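Novice: In this note's numbering, each residue's number is its place in the sequence shown (first place is 1) plus 215.
We put the CB at the ideal spot given by N, CA and C, even for glycine.
From a predicted model like this one, the values you see are computed outputs, not experimental measurements.
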Amino acid sequence: MQSFLVLSSEEIHAMIPYAMICMTRYGAHWGTGRRKRRWAEEFTEAERAASAKLFLRSYDWTVGGGVPDKVRMTPDTLRLWMKLGAFCAGI
216 MQSFLVLSSE EIHAMIPYAM ICMTRYGAHW GTGRRKRRWA EEFTEAERAA SAKLFLRSYD
276 WTVGGGVPDK VRMTPDTLRL WMKLGAFCAG I
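#1: Would you tell me roughly how many angstroms separate the C-alpha atoms of L295 and H228, rounded to the nearest one?
#2: Let me make sure I understand the geometry here. Which of G246, R253, L222 has the alpha-carbon closest to that of F302?
#3: Check whether the segment 220-227 and the segment 281-294 are in contact - that is, three or more C-beta pairs closer than 8 Å.
#4: Taking DSSP's pairing of strands, which residues face K285 in a bridge?
#5: Could you give the DSSP three-state label for S273: helix, strand or coil?
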């Protein structure tokens with residue numbers, strides 16, 4: 216049985232640095248060798264694959280339709296969001 220968190224848009228704004236993740240992922244720093252080495256060292260293959268969906272979601276929330284009123288995700292997904300935020304802040 217899988218447990219899910221239901222977060223409001225206010226909680227998303229407070230907890231997840233999705234705009235920074237979006238700007239980092241789709242910005243000039245993403246193509247650097249330093250970023251690529253850190254990405255390979257710090258994220259597992261499964262995390263890198265799951266991150267692809269989160270990057271698209273961060274883009275949609277930042278420049279698309281915005282954050283929905285309620286967002287449902289697993290605790291593992293929230294942990295990955297936080298890990299991506301810390302990674303992007305360090306680039």
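Specialist: By the coordinates alone:
#1: Along the sequence shown, read from residue 1 onward, the residue named residue 295 stands at position 80. Along the sequence shown, read from residue 1 onward, the residue named residue 228 stands at position 13. Distance between the alpha carbons of L295 and H228: 16 Å.
#2: Residue 302 sits at position 87 when you count from the first residue of the sequence shown. Cα-wise, what sits closest to F302 is R253.
#3: yes
#4: Counting from 1 along the sequence shown, the entry for residue 285 is found at position 70. Looking at the DSSP assignment, K285 forms a beta bridge with S223.
#5: Your numbering for residue 273 matches position 58 in the sequence shown. In this structure, S273 counts as helix in the three-state DSSP scheme.
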